[in-house]
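The sequence shown: position 147 = 147 (our numbering), numbered continuously.
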Amino acid sequence: MKILHINTEKTWRGGEQQTLYLLQGLHARNITSHLICQPDSPMAQRAAEALLKVIPVAMHGEVDLRAACRMRSSIHKANYDIIHSHTSHAHTLAFAASAGTPVKRLVTRRVDFSIFRHSFLHLSGIKYRYLADFYVAISQKIKDVLIDDGIAAERIAVIHSGIDPGRFARADGKHLISEFDIKSDEKVVVNVAHLAGHKGQEYLVRAVSRVLAKIPKVRFFIVGEGELMTALKALANSRGISHNLVFTGFRHDVGAFYKIADLFVMSSVQEGLGTAVLDALALGKPVVATKTGGIPEMISDGVNGRLVKPADSVALADGIVDLLSQADRAKQMGARAKKEVVEKFSTDAMVDAYIEVYQRMLSGV
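1) Assign S73 to one of three DSSP states: helix, strand, or coil.
2) Give a yes or no on whether the C-beta atoms belonging to G319 and P286 are separated by under 8 Å.
3) Considering just the uninterrupted stretch of the alpha helix (DSSP H) at G14, what are its terminal residues?
4) Hey, which unbroken runs of the beta strand (DSSP E) at 3 residues or more fall wholly within the stretch 252-328?
5) What does L362 pair with, by DSSP beta-bridge criteria?
6) Any contact between the stretch 189-204 and the stretch 46-56? By contact I mean 3 or more CB pairs, one from each, below 8 Å.
7) Taking C-beta to C-beta, are T32 and M59 nearer than 8 Å?
8) For the 8 Å Cβ check, are there 3 or more pairs between the stretch 337-356 and the stretch 230-243?
9) Taking the straight line between their C-alpha atoms, what separation do you get for L121 and Y128?
10) Quick check on DSSP: helix, strand or coil for V357?
11) Just the C-alpha distance for E387 and V211, rounded to the nearest angstrom, thanks.
12) For the beta strand (DSSP E) holding Y135, just list the boundary residues, first then last.
13) From Q45 to T8, what does the alpha carbon distance come to, in whole angstroms?
14) Taking the straight line between their C-alpha atoms, what separation do you get for A169 and V103?
15) What number of angstroms, rounded off, separates the C-alpha of H5 from the C-alpha of D328?
16) Do V136 and L106 have their beta-carbon atoms positioned less than 8 Å apart in this structure?
17) What's the call for R70, buried or exposed, on a 16-neighbour Cβ count within 10 Å?
18) With DSSP run on the structure shown, which of helix, strand or coil describes R155?
19) Which residues in the same chain have their Cβ closer than 7 Å to the Cβ of A90, if we skip the five residues on either side of it in sequence?
20) Kindly identify the DSSP beta-bridge partner or partners of R117.
21) How many angstroms separate the CA atom of L65 from the CA atom of D133?
22) For F95, which of helix, strand or coil comes out of DSSP?
23) I need the DSSP call for K386, collapsed to helix, strand or coil.
24) Hey, F220 and V246: beta-carbon distance below 8 Å or not?
25) Tell me whether the beta-carbon of P78 lies closer than 8 Å to the beta-carbon of H27.
26) In the DSSP output, which residue or residues are listed as bridge partners for T87?
27) Between the stretch 266-281 and the stretch 200-210, do three or more beta carbon pairs fall short of 8 Å?
28) Please state whether DSSP places R210 in a helix, a strand or coil.
29) Measure how close the beta-carbons of V277 and I295 come, nearest whole angstrom, since I'm counting them as under 8 Å.
30) Within 10 Å of its beta-carbon, does L204 have 16 or more other beta-carbons around it, so buried, or fewer, so exposed?
31) Using the rule of at least 16 other Cβ atoms within 10 Å of the residue's Cβ for burial, across every protein chain shown, is I126 buried or exposed?
32) If we ignore side chains and look at the alpha-carbon of each, how far apart do A256 and V190 end up?
Written as structure tokens, this is what we have:
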């Protein structure tokens with residue numbers, strides 16, 4: 001079995017981490033897997049550091065015929081059995097590169113919005129119905145959306161994203177205490193996500209004042225970068241909460257923020273699954289998250305975390321206050337969640353599930 005993976009992203013986010021986890025797992029199982037990705041990208045660098053076969057190809061959009069031709073040359077040379085696309089642009093490029101060849105085409109879908117959301121003349125319907133043989137949705141919610149958009153259920157498998165439970169086990173957050181002058185009597189609330197509209201940080205910023213009115217000694221950290229950084233900072237400044245709310249930008253020490261957190265918050269209005277939540281749960285951290293996308297597949301409200309209405313800053317604030325004010329209950333939820341994450345959302349479980357899909361595609365079942 002020979003798999004060619006394609007990831008077109010130039011930045012490093014959750015999808016790229018999942019691509020790397022899968023490649024490493026397949027390599028460990030002696031399954032030939034090569035990666036086409038952007039030259040000098042974090043994906044290329046980290047895959048090379050993991051001693052994986054990387055084929056750098058500059059890809060400019062999903063209708064880049066030069067890139068497709070280079071991919072096609074690689075396909076002919078290596079005789080791959082399956083092309084596995086990990087991004088939307090890779091989906092189209094993979095078809096252009098492999099049309100007329102016997103190679104099978106697989107696409108992983110990581111977002112829970114309709115395929116027609118930005119579709120010109122509903123051309124995405126053609127792309128998703130005819131330009132791939134099979135799909136993997138990272139949550140049941142995403143599968144439901146694909147089915148509603150006209151993709152046959154038998155062409156879609158659900159494989160939850162996996163995490164390495166020990167990824168941040170050795171992280172140390174002591175340096176953050178001095179860097180941000182965090183007092184011993186202050187609670188720490190952390191959000192880790194790209195700063196984009198669907199991540200809902202606007203509602204988290206608006207929730208901060210309500211939380212502080214009830215629990216004054218709380219520090220909030222939004223860890224990540226993105227196109228909404230300037231707008232979110234302006235919103236925080238207008239509400240006079242800049243001391244209590246810190247935008248850290250991109251950090252290499254993300255694990256340290258998880259370690260110092262009393263509570264993790266995911267404020268998304270749309271979310272395929274949310275591996276940042278899994279990372280928090282794997283460390284036994286209490287979580288307040290929105291009831292959207294695949295998040296309810298990880299969290300049961302009141303059992304291993306709190307779920308609140310999305311796009312609702314009042315509901316989000318009340319959920320945060322609830323767990324911050326009930327430390328023992330929150331701790332019990334975190335411990336329960338940690339056990340479930342190890343059992344259900346490991347990288348090994350994810351890799352084994354993908355292998356089953358590959359075998360199914362090649363056997364024609």
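The C-beta atom is built at its ideal place from N, Cα and C for all residues, glycine as well.
In short:
1) The residue given as residue 73 occupies position 73 in the sequence shown. In the three-state scheme derived from DSSP, where H, G and I count as helix and E and B as strand, S73 is classed as helix.
2) Here residue 319 refers to the residue found at position 319 of the sequence shown. Here residue 286 refers to the residue found at position 286 of the sequence shown. Cβ atoms of G319 and P286: not closer than 8 Å.
3) Taking the first residue of the sequence shown as 1, we reach residue 14 at position 14. Segment G14 to A28, the alpha helix (DSSP H) holding G14.
4) Fully enclosed beta strand (DSSP E) runs of 3 or longer: 263-266, 287-290 and 306-308.
5) Here the question's residue 362 lines up with position 362 in the sequence shown. Note: L362 sits in no beta bridge, so no partner.
6) No, because fewer than three Cβ pairs between the stretch 189-204 and the stretch 46-56 fall closer than 8 Å, the two stretches do not touch.
7) If you number the sequence shown from 1, residue 32 lands on position 32. If you number the sequence shown from 1, residue 59 lands on position 59. No, the Cβ-Cβ distance between T32 and M59 is not below 8 Å.
8) Contact between the stretch 337-356 and the stretch 230-243 is absent, because fewer than three Cβ pairs lie under 8 Å.
9) As a position in the sequence shown, residue 121 is number 121, starting the count at 1. As a position in the sequence shown, residue 128 is number 128, starting the count at 1. Residue confidence for L121 is low, a pLDDT of 46 falling below 50, so the modelled location carries little weight and cannot support an answer.
10) For the purposes of this step, residue 357 is identified with residue 357 of the sequence shown, where counting begins at 1. Residue state, collapsed to three classes: helix.
11) Summary: the structure shown does not reach residue 387, with the chain confined to residues 1 through 365, and so no result is reported for it.
12) Position 135 of the sequence shown, counted from the first residue, corresponds to residue 135. For Y135, the uninterrupted beta strand (DSSP E) segment begins and ends at F134 to A137.
13) To locate residue 45, count along the sequence shown from 1; it is residue 45. To locate residue 8, count along the sequence shown from 1; it is residue 8. Near 14 Å, if we compare the C-alpha coordinates of T8 and Q45.
14) Walking along the sequence shown from the start, residue 169 turns up at place 169. Walking along the sequence shown from the start, residue 103 turns up at place 103. The straight-line gap from Cα to Cα measures roughly 40 Å.
15) The residue given as residue 5 occupies position 5 in the sequence shown. The residue given as residue 328 occupies position 328 in the sequence shown. Looking at the two C-alpha atoms, the distance is approximately 45 Å.
16) Indexing the sequence shown from 1 puts residue 106 at position 106. Indexing the sequence shown from 1 puts residue 136 at position 136. Remark: C-beta atoms of L106 and V136 approach each other more closely than 8 Å.
17) Walking along the sequence shown from the start, residue 70 turns up at place 70. With 16 or more other Cβ atoms within 10 Å, it is buried.
18) Reading the sequence shown from its first residue, position 155 is the one you call residue 155. R155 sits in a helix when the DSSP states are folded into three classes.
19) Indexing the sequence shown from 1 puts residue 90 at position 90. Shown here for A90: same chain residues with a beta carbon closer than 7 Å to its own, the five before and five after excluded, namely I6, N7 and T8 in chain order.
20) Residue numbering aside, residue 117 sits at position 117 when the sequence shown is read from its first letter. According to DSSP, R117 bridges with nothing at all.
21) If you number the sequence shown from 1, residue 65 lands on position 65. If you number the sequence shown from 1, residue 133 lands on position 133. Roughly 21 Å separates the two Cα atoms.
22) In the sequence shown, residue 95 corresponds to position 95, counting from 1. Note: F95 maps to helix in three-state DSSP.
23) Look at the range of the chain in this structure, 1 to 365, and you will see that residue 386 is not part of it.
24) Looking up residue 220 in the sequence shown gives position 220. Looking up residue 246 in the sequence shown gives position 246. It is a contact, given that the beta carbons lie within the stated cut-off.
25) As a first step, residue 78 must be located in the sequence shown, where it is residue number 78. As a first step, residue 27 must be located in the sequence shown, where it is residue number 27. Note that residue 78 is Ala in the sequence shown here, rather than Pro. Going by C-beta atoms, A78 is not nearer than 8 Å to H27.
26) Looking up residue 87 in the sequence shown gives position 87. Bridge partners of T87: none, in fact.
27) Yes: at least three Cβ pairs fall under 8 Å.
28) By 1-based counting over the sequence shown, the position of residue 210 is 210. Correct three-state label for R210: helix.
29) Within the sequence shown, numbered from 1, the residue matching residue 277 stands at position 277. Within the sequence shown, numbered from 1, the residue matching residue 295 stands at position 295. The pair is a contact, with the Cβ atoms about 7 Å apart (cut-off 8 Å).
30) Start at 1 with the first residue of the sequence shown, and residue 204 comes out as number 204. That one is buried.
31) Locating residue 126 in the sequence shown gives position 126, counting from the first residue. Flag for I126 reads exposed.
32) Translated into the one-based positions of the sequence shown, residue 256 becomes position 256. Translated into the one-based positions of the sequence shown, residue 190 becomes position 190. Between the alpha carbons of A256 and V190 lies a distance of about 11 Å.
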